[in-house]
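Here the structure comes first, spelled out in C-alpha cells, and everything after it is commentary.
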Amino acid sequence: MPTVASDIEVLARFGRALADPIRCRILLALSEAPAYPADLADALGVSRTRLSNHLACLRDCGLVVTVPDGRRTRYELADERLGHALDDLRTAVVAVETDRTCPDADEKGCCR
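The opening residue of the sequence shown carries number 12 in my numbering; numbering runs sequentially from there.
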C-alpha cells in the first residue's frame, strides 16, 4: 500500500529525476502527452534500452506511471500537476538566468 512521502523525500526524488538531461526531456515530453516507450525513444533519439532505464528511474521516483493499453504499455506523468511544476521550474530558472541580480556577476563570473 503506497504511503505519503515526506516533503524532503519528495523533493529529493524530484531532484534526482531532474539531475539527468534525458530524464528531463522525458518528463517534458510526457507533460505534453502520454507516450509509448518506442515513440519516446525515437522522438528523443536514444536507444530503447537507455530509455527503459530512465523510465524505470522515473517510475521509482514516483513521477511517471504505466498504463496498460492492449499489448502495449503507455507512460504518463503520475499527476497532472507535475507538468505545471515542470513548467514553473523551467520558467523560474529562465527568469533567474536572464535576470542577473548579483552585483559581482561580471567580476566573479557567477550568476550566469
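Quick reminder that beta carbons are idealized off the backbone N, C-alpha and C, glycines included.
Does the Cβ-Cβ distance between residue i and residue j come in under 8 Å?
i          : j           : result
residue 54 : residue 44  : no
residue 73 : residue 24  : yes
residue 52 : residue 58  : yes
residue 89 : residue 104 : no
residue 46 : residue 82  : no
residue 97 : residue 38  : yes
residue 65 : residue 18  : no
Would you say residue i lies against chain C (beta-carbon separation less than 8 Å)?
i          : result
residue 66 : No chain C is present in this structure, which holds just one protein chain.
Helix, strand or coil, according to DSSP, for residue i in the structure here?
i          : result
residue 82 : coil
residue 23 : helix
residue 16 : coil
Have a look at the DSSP bridge pairing and note the partners of residue i.
i          : result
residue 88 : 75
Please classify residue i as buried or exposed, where buried requires at least 16 other C-beta atoms within 10 Å of its C-beta.
i          : result
residue 22 : exposed
residue 61 : exposed
| query | Where are the beta strand (DSSP E) runs, 3 residues long or more, that stay fully inside the stretch 29-76, in chain order? | reply | none
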